[in-house]
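J.: Quick one: the structure is below, questions incoming.
There are 2 protein chains.
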Amino acid sequence: MRVAFQGEPGAYSEAAVTEHFGAEVTTVPCEAFDDIFAAVTTGVCDYGMIPIENSLAGSIHRNYDLLLKNNLSIVGEHFLYVNHYLIGMPDANMSDIRRVISHPQALAQCEGYLHTLTGVKIESVYDTAGSVKMVRQMGDKSVAAIASRLAAGIYEMKILAEMIQDNPENLTRFLVISLRPGEPGSDAKTSIVFSLINTPGSLFKAMSVFALRDIDLTKIESRPLVGKPFEYFFYIDFAGSILDPVAAKALSHLEEYAIFMRVFGSYPRHRYS
Amino acid sequence: MRVAFQGEPGAYSEAAVTEHFGAEVTTVPCEAFDDIFAAVTTGVCDYGMIPIENSLAGSIHRNYDLLLKNNLSIVGEHFLYVNHYLIGMPDANMSDIRRVISHPQALAQCEGYLHTLTGVKIESVYDTAGSVKMVRQMGDKSVAAIASRLAAGIYEMKILAEMIQDNPENLTRFLVISLRPGEPGSDAKTSIVFSLINTPGSLFKAMSVFALRDIDLTKIESRPLVGKPFEYFFYIDFAGSILDPVAAKALSHLEEYAIFMRVFGSYPRHRYS
Chain B
1 MRVAFQGEPG AYSEAAVTEH FGAEVTTVPC EAFDDIFAAV TTGVCDYGMI PIENSLAGSI
61 HRNYDLLLKN NLSIVGEHFL YVNHYLIGMP DANMSDIRRV ISHPQALAQC EGYLHTLTGV
121 KIESVYDTAG SVKMVRQMGD KSVAAIASRL AAGIYEMKIL AEMIQDNPEN LTRFLVISLR
181 PGEPGSDAKT SIVFSLINTP GSLFKAMSVF ALRDIDLTKI ESRPLVGKPF EYFFYIDFAG
241 SILDPVAAKA LSHLEEYAIF MRVFGSYPRH RYS
Chain Y
1 MRVAFQGEPG AYSEAAVTEH FGAEVTTVPC EAFDDIFAAV TTGVCDYGMI PIENSLAGSI
61 HRNYDLLLKN NLSIVGEHFL YVNHYLIGMP DANMSDIRRV ISHPQALAQC EGYLHTLTGV
121 KIESVYDTAG SVKMVRQMGD KSVAAIASRL AAGIYEMKIL AEMIQDNPEN LTRFLVISLR
181 PGEPGSDAKT SIVFSLINTP GSLFKAMSVF ALRDIDLTKI ESRPLVGKPF EYFFYIDFAG
241 SILDPVAAKA LSHLEEYAIF MRVFGSYPRH RYS
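Order-wise, the sequence lines are chains B and Y. Under the working numbering, residues 1 to 273 are what the first sequence spells out, in order. Under the working numbering, residues 1 to 273 are what the second sequence spells out, in order.
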């Protein structure tokens, strides 16, 4: 079984893959999120693991847009606890550090800690584990990366500071994507996207189809509807499976209001705590 | 009158300032969005102009977070049509270009165009106008920037391609922030933020206070509530002023459900088309 993830070996996404599927799967690193969707669409990989939301930094909107652009199903979710480390050259000390590089999400999650470092320049790069690889290649002890403990180990680098995220409750929710729909099981979630006629109260009506049936919405996200300024696609996750008659009725009711609707899939809910 | 904006001279934000306030104001460039809030809070500037949403790339979440962190009022909004240009050294031609640099939002807005350029590396930098300045300083004719026509003029550079955004309907909504509340006038919008107890249907109830009074919601955005994974702050813009008795009733009704609520301000609606 081959599972695509974004980033270099040692990325948090790779940890999510092995936690979710077990250590025996083959993990396939991809440069960009687009490449994950392509690898699954073409059958090069069986599954893709995409980050969709972080509890500190918010949604990863690019992946919402890619879910809509591609024709894949969501077949699973996985919550990963994210602990960040400041990682430098083996001979580096904290007093050497003049520049910190990492993925923008990781930088955002360590914002408070980074503000305590004076005279240090912050720079975005494309990947957390990749930032460790870059420091190793530069061989510059004035540069540090922010990444996982795993990445420090892979590239044989020194951990300068541990657990530097501003908030210990740092969780990332991942979605598992596949060419074919999965098995939702008895404790499921469903993800959908829809758009509405832009009239007062239209979103309220759309949400009523769930509220009137006591269906719990676990997430609502809006993304721009390109070509119609300040109209939106709404992405909703709710508790339940499209195999439940009540959820099916809610979606049939929603279709009365929506000018577009698509179900990404129903999948087993991950209970992480 | 001094108005802070983010970016280098020639930034789209500076164009928004002069369109909104007129050419006679003093525009004050700031490196980061945080600096705009600081300049207004300390009285160094009378107003700040912050981008909050683009019709193609979506919300600028950092500024939602900063509105909550700071204690400033929203006193105006401004919609700016954003037209992007590919800008190179005066002696550069399209066939020379191997690298394109710009702000991530600008790169996202030109994604389709950039995909048509083969063998070209894309790189994020902190600012659109700043990317033009960087190309000028490097003096490298294999690098091009994406920015405004204004920025090409300021740095005396060559326009290699015009209007390269994927969609002609490329608009950015800006907010004007100030230490003191403004005058909403008769055609107003109001911006608020609130959080709710995390129970099924809570957001639906919150939205009902507007729907039951036929108040039009023009935007809803959610941002993570740090420390409570997968709970949210909801930001809502609605048509009307807190001076309207109906809107005031709606907010008083919302306070029955919300565990936190703050009004950023009521301000004149900008009718841009």
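C-beta atoms are modelled at their ideal positions from N, C-alpha and C, and glycine is treated no differently.
1. Are the region 61 to 81 of chain Y and the region 15 to 30 of chain Y touching, with three or more C-beta to C-beta distances below 8 Å?
2. Report the residue from Y:Thr172, Y:Val3, Y:Arg2 and Y:Ser13 whose alpha carbon sits nearest the alpha carbon of Y:Leu150.
3. For the region 98 to 113 of chain Y against the region 262 to 273 of chain Y, are there 3 or more C-beta pairs whose distance is under 8 Å?
4. Taking C-beta to C-beta, are B:Leu72 and B:Leu160 nearer than 8 Å?
5. Along the alpha helix (DSSP H) that carries Y:Gly265, what are the first and last residues, could you check?
6. Using the beta-carbon count (16 or more within 10 Å), is Y:Thr42 buried or exposed?
7. Which of helix, strand or coil does DSSP assign to Y:Arg2?
8. Between B:Val226 and chain Y, is there a C-beta pair that is closer than 8 Å?
9. Mark B:Ala247 as exposed unless 16 or more other C-beta atoms lie within 10 angstroms of its C-beta, in which case mark it buried.
10. Distance cutoff 8 Å, beta carbons only. Does Y:Gly185 sit that close to anything in chain B?
11. What does Y:Asn167 reach in chain B if we use C-beta pairs closer than 7 Å?
12. Hey, which unbroken runs of the alpha helix (DSSP H) at 4 residues or more fall wholly within the region 194 to 230 of chain B?
13. Are three or more beta carbon pairs between the region 54 to 63 of chain B and the region 113 to 122 of chain B nearer than 8 Å?
14. Measuring alpha carbon to alpha carbon, tell me which residue in Y:Lys219, Y:Ala4 and Y:Pro224 is nearest Y:Ala239.
15. Could you give the uninterrupted runs of the alpha helix (DSSP H) lying entirely in the region 64 to 131 of chain Y, keeping only those of 4 residues or more?
16. For the alpha helix (DSSP H) that contains Y:Ala145, what are its first and last residues?
17. So is B:Met207 in contact with chain Y if we call contact Cβ pairs under 8 Å?
18. Taking 8 Å as the cut-off, decide whether the C-beta atoms of Y:Tyr257 and Y:Leu196 are in contact.
19. Within its chain, find whatever has a CB closer than 7 Å to the CB of B:Ser241; leave out the 5 residues flanking it on each side and keep chain order.
20. Using the beta-carbon of each residue, which ones in chain Y are nearer than 7 Å to B:His270?
21. Using C-beta distances below 7 Å, list every residue in its chain close to B:Ile154, excluding the 5 sequence neighbours before and after it, in chain order.
22. Scan the region 26 to 69 of chain Y and note each continuous alpha helix (DSSP H) run of 4 residues or more that stays entirely inside, going in chain order.
23. Where do the ends of the alpha helix (DSSP H) carrying Y:Ala16 lie?
24. Are the C-beta of B:His61 and some C-beta of chain Y separated by less than 8 Å?
25. Could you tell me whether the region 110 to 120 of chain B touches the region 133 to 141 of chain B, using the rule of 3 or more Cβ pairs below 8 Å?
26. Determine the closest residue to Y:Cys110 out of Y:Glu169, Y:Ala16, Y:Thr26 and Y:Lys228, with distance taken between C-alpha atoms.
27. Using a 10 Å radius around the Cβ and a threshold of 16 neighbouring Cβ atoms, would you call Y:Tyr232 buried or exposed?
28. Any beta carbon from chain B within less than 8 Å of Y:Asp214's own beta carbon?
29. Around the C-beta of Y:Leu212, are 16 or more other C-beta atoms found within 10 angstroms, so that it is buried, or is it exposed?
30. Assign Y:Ile159 to one of three DSSP states: helix, strand, or coil.
31. Residues in the same chain with beta-carbon distance under 6 Å from B:Val82, minus the five sequence neighbours each way, listed in chain order, please.
32. Kindly list, in the order they appear in chain B, the residues whose Cβ is closer than 8 Å to that of Y:Arg99.
33. Output the distance between the C-alpha atoms of B:Ile50 and B:Asp65, rounded to the nearest integer angstrom.
34. Whole-angstrom Cβ separation of B:Glu85 and B:Ala32, contact assumed at under 8 Å?
35. According to DSSP, is Y:Arg173 part of a helix, a strand, or is it coil?
36. Less than 8 Å separating the beta-carbons of B:Ala206 and B:Lys141?
T.: Looking at the coordinates:
1. Yes, they touch.
2. Y:Ser13
3. no
4. no
5. Counting along the chain, Y:Gly265 falls outside any alpha helix (DSSP H), though it belongs to the beta strand (DSSP E) covering Ala258 to Pro268.
6. Exposed is the call here.
7. strand
8. For B:Val226, the answer is yes, since a Cβ of chain Y falls inside 8 Å of its Cβ.
9. buried
10. no
11. What Y:Asn167 touches in chain B: Val226 and Gly227.
12. Complete alpha helix (DSSP H) runs here, min 4: 202 to 211.
13. With the cut-off at 8 Å, the region 54 to 63 of chain B and the region 113 to 122 of chain B do not touch.
14. Y:Lys219
15. 104 to 109 and 111 to 115
16. No alpha helix (DSSP H) contains Y:Ala145, which is instead part of the beta strand (DSSP E) from Val143 to Ala147.
17. yes
18. yes
19. Counting only Cβ-Cβ distances below 7 Å, and skipping sequence neighbours, we find Pro184, Ala188, Thr190, Ala247 and Ser266.
20. Chain Y residues near B:His270: none, gap ~12 Å exceeds 7 Å.
21. Pro9 and Gly10
22. 33 to 41 and 61 to 69
23. Annotation: the continuous alpha helix (DSSP H) that includes Y:Ala16 extends over Tyr12 to Phe21.
24. yes
25. no
26. Y:Glu169
27. It counts as buried.
28. yes
29. exposed
30. strand
31. Tyr12, Asn170 and Thr172
32. For Y:Arg99, there are no neighbours in chain B by C-beta distance under 8 Å, as the nearest C-beta there is about 15 Å away.
33. In this structure, the straight-line span from the alpha carbon of B:Ile50 to that of B:Asp65 is close to 12 Å.
34. The sequence given here has Tyr at residue 85 of chain B, not Glu. Wrong, their Cβ atoms sit about 24 Å apart, outside the cutoff.
35. strand
36. no
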